[in-house]
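Residue numbers (this note's numbering): 44 to 311.
What follows is the structure, encoded as structure tokens:
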């Protein structure tokens, strides 16, 4: 069993200061990889057949939610809907659907218990250098975890520095299903911050607006490349679906209401 890697990081929200446990994913398992792993367990099906089944399953779940149903998979996940809206009175008209309707995904207690029972943890020492991304913010919209193609993304953290010209590292944005781009429009790189104009890879489906971001660097000329991946997903505007409102921030008002915002990610 491969252990789950984590690293202590400063929690800036507490006084006096404390540390939080930060999950460091080894990689992101996308749909083709998931289909390949299922095919290894079920050799009578090809990976392409299983990928089609997974895509169809997601389509059925999505359509069920559109029909106002809740989807509950026994001992697995529950897909449900919720609303983020403020009404001054019970008779007020609700805001547009793309500004208030949220999709939520919850893991069942048996599912969580099974993961916890089998999991083993591995602490990565803070003394061992590893790029650690603590925050990601679009500096134009002032929104966290937003990937705005017209803005500048600021990453903050520790041990992030690399030299773009000398090729000692790179910053990569990758779609959760497809697409990967090494970022070339990097404006600033230091140990504690990176600023870049994001180049966003195209994914297979227009409604998939979730991406991961990672930094890889070498700390010595002949050192081993070390990669740190941001623990949260970044989301781009869904321009084909109107102007959905940003996750967990309430309804935008004033000038912010005209800005790009993102579709909320279902939290597991």
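Idealized CB from N, CA, C, for every residue including glycine.
The beta strand (DSSP E) spanning residue 94 covers which residue range?
-> In the chain shown, counting from the first residue as 1, residue 94 sits at position 51. According to the DSSP assignment, residue 94 belongs to no beta strand (DSSP E) but to the alpha helix (DSSP H) extending over 90-109.
Under 9 Å, do residue 91 and residue 176 count as touching if we go by C-beta distance?
-> Here residue 91 refers to the residue found at position 48 when the chain shown is read from its first residue. Here residue 176 refers to the residue found at position 133 when the chain shown is read from its first residue. Not a contact, by the Cβ cut-off of 9 Å.
Among residues of its own chain, excluding the 5 on either side of residue 121, which ones have a beta-carbon nearer than 6 Å to its beta-carbon?
-> Counting from 1 along the chain shown, the entry for residue 121 is found at position 78. So the qualifying residues of the chain are 115, 149.
Alpha helix (DSSP H) segment containing residue 248, residue limits | One-based indexing of the chain shown puts residue 248 at position 205. Premise fails: residue 248 is in no alpha helix (DSSP H) and is neither H nor E.
Alpha carbon to alpha carbon, how far is residue 272 from residue 259? Give it in angstroms, no decimals.
-> For the purposes of this step, residue 259 is identified with residue 216 of the chain shown, where counting begins at 1. For the purposes of this step, residue 272 is identified with residue 229 of the chain shown, where counting begins at 1. So the two alpha carbons sit approximately 9 Å from each other.
Smallest Cα separation from residue 279: which of 110, 269, 54, 217?
-> Reading the chain shown from its first residue, position 236 is the one you call residue 279. Taking only the C-alpha atoms, the option nearest residue 279 is 217.
Buried versus exposed call for residue 287 [16 or more other C-beta atoms within 10 Å across all chains shown] = On the chain shown, position 244 is the one that residue 287 refers to. Reliability fails at residue 287, whose pLDDT of 42 lies under 50, so the model's placement of it is uncertain and no value is given.
Could you check which residue in 125, 131, 165 has the C-alpha nearest to that of residue 147?
-> In the chain shown, the residue the question calls residue 147 occupies position 104. Closest option to residue 147, Cα to Cα, is 125.
Taking the DSSP output, what are the residues bridged to residue 54?
-> Residue numbering aside, residue 54 sits at position 11 when the chain shown is read from its first letter. Answer by DSSP bridge pairing, in chain order: 61.
Shortest alpha-carbon distance to residue 51 belongs to which of 157, 219, 71, 200?
-> Locating residue 51 in the chain shown gives position 8, counting from the first residue. Of 157, 219, 71, 200, the residue nearest in Cα terms is 200.
Is residue 142 helix, strand or coil when you go by DSSP?
-> For this step, residue 142 is matched to residue 99 along the chain shown. Residue 142 falls in the helix class under three-state DSSP.
Taking only the alpha-carbon atoms, compute the straight-line gap between residue 194 and residue 112 and give it to the nearest angstrom.
-> As a first step, residue 194 must be located in the chain shown, where it is residue number 151. As a first step, residue 112 must be located in the chain shown, where it is residue number 69. Each residue's Cα considered, the two are about 37 Å apart.
Between the C-alpha atoms of residue 62 and residue 172, what's the straight-line distance to the nearest angstrom?
-> In the chain shown, counting from the first residue as 1, residue 62 sits at position 19. In the chain shown, counting from the first residue as 1, residue 172 sits at position 129. Their Cα atoms are separated by approximately 17 Å.
Local Cβ density within 10 Å of residue 293, reported as buried at 16 or more and exposed below that = As a working mapping, residue 293 is identified with position 250 in the chain shown. Unreliable positioning characterises residue 293 in this predicted model, as indicated by a pLDDT of 33, which lies under 50. The coordinate reading is nonetheless provided below. Classification of residue 293: exposed, given that the 10 Å Cβ count is below 16.
Which of helix, strand or coil does DSSP assign to residue 154?
-> In the chain shown, residue 154 corresponds to position 111, counting from 1. Helix, per DSSP.
Residues near residue 44 in its chain [Cβ-Cβ closer than 7 Å; skip 5 each side] | Mapped onto the chain shown, residue 44 falls at position 1. These residues qualify, in order along the chain: 161, 163.
Just grab the DSSP bridge partners of residue 220 for me.
-> On the chain shown, residue 220 is found 177 positions in, with the first residue counted as 1. DSSP output for residue 220 lists no bridge partner at all.
Distance, Cα to Cα, residue 208 vs residue 118?
-> The count along the chain shown starts at 1 and reaches residue 208 at position 165. The count along the chain shown starts at 1 and reaches residue 118 at position 75. Answer to the nearest angstrom: the Cα atoms are 50 Å apart.
How would you label residue 253, buried or exposed, when you count the other beta carbons within 10 angstroms and need 16 or more for buried?
-> Locating residue 253 in the chain shown gives position 210, where the first residue counts as 1. It is buried - the Cβ of residue 253 has at least 16 other Cβ atoms within 10 Å.
For residue 165, collect the residues of the same chain with a Cβ closer than 6 Å to its Cβ; drop the 5 residues on either side in sequence, then sort them by chain order.
-> The residue you call residue 165 lines up with position 122 of the chain shown. Cβ neighbours of residue 165 beyond the five flanking positions: 46, 48.
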